[in-house]
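Some notes on the structure that comes next.
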Amino acid sequence: MTLEAFAPSQPLTLGVELELQLLSTHDYDLTPYAADMLRLMRQHHPDLPGTVVPEMTRSMIEISTGICQDGADALAQLTQIRNALVACADKLNIAIAGGGTHPFQQWHERRIYEKERFHQLSKLYGYLTKQFTIFGQHVHIGCPDADAALLMLHRMSRYIPHCIALSASSPFVQGQDTAFDSARLNSVFAFPLSGRAPCVLTWAEFGQYFNKMTATGVVQGMKDFYWDIRPKPEFGTIEIRVFDTPLSIERAAALAAYVQALGAWFLDTQPFTPCEDDYLVYTFNRFQACRFGLEGVYVDPANGAHLSLAEHILRTMDTIAPYAHSDFALLRTSVEQRHNDAHWLRECQAHTPLLGEVSRQAALRFRQVPPMQP
996 MTLEAFAPSQ PLTLGVELEL QLLSTHDYDL TPYAADMLRL MRQHHPDLPG TVVPEMTRSM
1056 IEISTGICQD GADALAQLTQ IRNALVACAD KLNIAIAGGG THPFQQWHER RIYEKERFHQ
1116 LSKLYGYLTK QFTIFGQHVH IGCPDADAAL LMLHRMSRYI PHCIALSASS PFVQGQDTAF
1176 DSARLNSVFA FPLSGRAPCV LTWAEFGQYF NKMTATGVVQ GMKDFYWDIR PKPEFGTIEI
1236 RVFDTPLSIE RAAALAAYVQ ALGAWFLDTQ PFTPCEDDYL VYTFNRFQAC RFGLEGVYVD
1296 PANGAHLSLA EHILRTMDTI APYAHSDFAL LRTSVEQRHN DAHWLRECQA HTPLLGEVSR
1356 QAALRFRQVP PMQP
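With this note's numbering applied, the sequence shown covers 996 to 1369.
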């Protein structure tokens, strides 16, 4: 198999994907209603933007926007899809929530969705496929051409800790507080083709790498790479994959707006040329963001300086503000207050020992119902 050509796309356009939890309204555990949700969405809401599709296990679905011009456009599309999802969920007497992990589901109870690729992956990866009942946001950003896409990818890699800390919403796993803000990514790291993309800066070089990998038989196509960021040649984009699914579509759209502003800054100023040495601190920075969220440490790959991740994000926001096509003030406030969705979930848990109630409150937040006061 040869690497497909990089399709033309409008630079800096966006696409947003969200993996969502389907919850029983009896105990707010995950419930296997994906097929029923997809059927109702096809019957009652066939003209929505984007798509609604199954995911690995039957208690999750993935929604995606169409091509968006900016974060405001993404929010408008996500709002239409969210409202339709909530209406269908109400018909089934279930609930929908964001969040990177379900707080107390047991992975062994999950069932693989009836789709050939999912069953193939289950045969290959064993129990990891059921443990992959985790929930992420992916953001696509349009690139002028294939070489520009690889430059964008490796420049964006310096800001992967921002993406993790700003979206972190997975503090609980199997009923336990993991002490991580984003425990979800620990499940992703278990896959052998996860992590970072190779540091090549031309599409010709990337094609050589791809050919070597396919020649080994380890991969069949780009979907087999679970990298933090990967090229998406059929769309003419790069796809950033480290975000936890936020608890609200407003935060999801703000994250897309932040990525777009970063991309616009890259294209306008070409602020630095990526190199392999950028990755000397990559895993450390990513761990800090997963473990401590906005309270983490960031090591600048350019000069080795250590500073707080929150401070690095705020400085970056100041730099890219002139390039913002739409507002991401929600994120700035979050950083200033050191308060992401993981903190919100922990605050809910502090008011009630029942993680089912935490999931119920998360479902209310997704549908924009004000939370109950403790």
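From the three backbone atoms N, C-alpha and C, an ideal C-beta is built for every residue, glycine too. Predicted, not measured: the structure shown is a model, and the values here were computed from it.
Limits of the beta strand (DSSP E) - the one that residue i falls within
i     : result
D1239 : 1232-1239
E1012 : 1009-1019
K1227 : 1224-1227
Y1293 : 1292-1294
G1137 : 1131-1137
A1256 : Here A1256 belongs to no beta strand (DSSP E); instead the alpha helix (DSSP H) covers 1244-1264.
A1319 : Per DSSP, A1319 belongs to no beta strand (DSSP E) and is neither H nor E.
A1092 : 1089-1092
Nonlocal neighbours in the same chain, by C-beta distance under 7 angstroms from residue i, ignoring five residues either side
i     : result
A1000 : P1228
H1114 : I1107
R1191 : S1152, W1222, D1223, Y1274, Y1277
R1355 : Y1023
G1258 : L1007, I1136, M1147
A1144 : F1001, C1138, P1226, I1233
Sheet register partners of residue i (DSSP bridge)
i     : result
D1065 : D1065 is not bridged to any residue.
S1059 : E1012, T1046
Y1221 : S1189
V1168 : Q1171
H1301 : V1294
R1210 : A quick correction: the sequence has Ala, not Arg, at residue 1210. In the DSSP output, where bridge partners are listed per residue, A1210 has none listed.
S1354 : In the DSSP output, where bridge partners are listed per residue, S1354 has none listed.
Start and end residues, alpha helix (DSSP H) containing residue i
i     : result
I1155 : 1155-1162
H1040 : From DSSP, H1040 is part of no alpha helix (DSSP H); its letter is neither H nor E.
H1338 : 1336-1346
I1107 : Note, I1107: premise wrong, no alpha helix (DSSP H); not H, not E.
S1182 : 1179-1183
D1176 : From DSSP, D1176 is part of no alpha helix (DSSP H); its letter is neither H nor E.
L1145 : 1141-1152
Residues of its chain near residue i, where Cβ-Cβ distance is below 8 angstroms and the 5 sequence neighbours each way are ignored
i     : result
L1119 : none
T1314 : W1260
W1102 : Y1122, K1125, Q1126, T1128, Q1169
A1300 : V1294
Expected contact under 8 angstroms - CB spacing of residue i and residue j to nearest Å
i     : j     : result
E1290 : R1246 : Not quite, the Cβ-Cβ distance comes to about 18 angstroms (not below 8 angstroms), so this is no contact.
S1182 : F1361 : S1182 to F1361, Cβ: 22 angstroms. No contact.
V1081 : I1091 : 7 angstroms
L1025 : T1240 : L1025 to T1240, Cβ: 14 angstroms. No contact.
P1156 : R1286 : Not a contact, Cβ separation roughly 11 angstroms.
A1252 : D1322 : 7 angstroms
Sequence-distant residues of its chain with Cβ nearer than 6 angstroms to residue i (five each side left out)
i     : result
G1202 : L998
P1139 : P1006
M1367 : Reliability fails at M1367, whose pLDDT of 47 lies under 50, so the model's placement of it is uncertain and the value that follows must be treated cautiously. Excluding positions up to five away in sequence, the list is empty.
F1186 : Y1221
D1272 : none
| Counting pairs of Cβ atoms below 8 angstroms between the segment 1219-1239 and the segment 1119-1135, do you hit three or more? | Yes, the segment 1219-1239 touches the segment 1119-1135.
Does the segment 1345-1360 touch the segment 1091-1110, meaning 3 or more C-beta pairs lie closer than 8 angstroms?
The segment 1091-1110 is in contact with the segment 1345-1360.
contact_flag[the segment 1164-1180, the segment 1138-1150] where n(CB pairs < 8 angstroms) is 3 or more:
With contact defined as three or more Cβ pairs closer than 8 angstroms, the segment 1164-1180 and the segment 1138-1150 are not in contact.
- Query: Can at least three beta-carbon pairs, one atom from the segment 1051-1062 and one from the segment 1024-1040, be found at a separation below 8 angstroms?
  - Reply: Pairwise C-beta distances place the segment 1051-1062 in contact with the segment 1024-1040, as three or more of them are shorter than 8 angstroms.
query = Does the count of Cβ pairs from the segment 1056-1074 and the segment 1205-1215 closer than 8 angstroms reach three?
reply = No, the segment 1056-1074 is not in contact with the segment 1205-1215.
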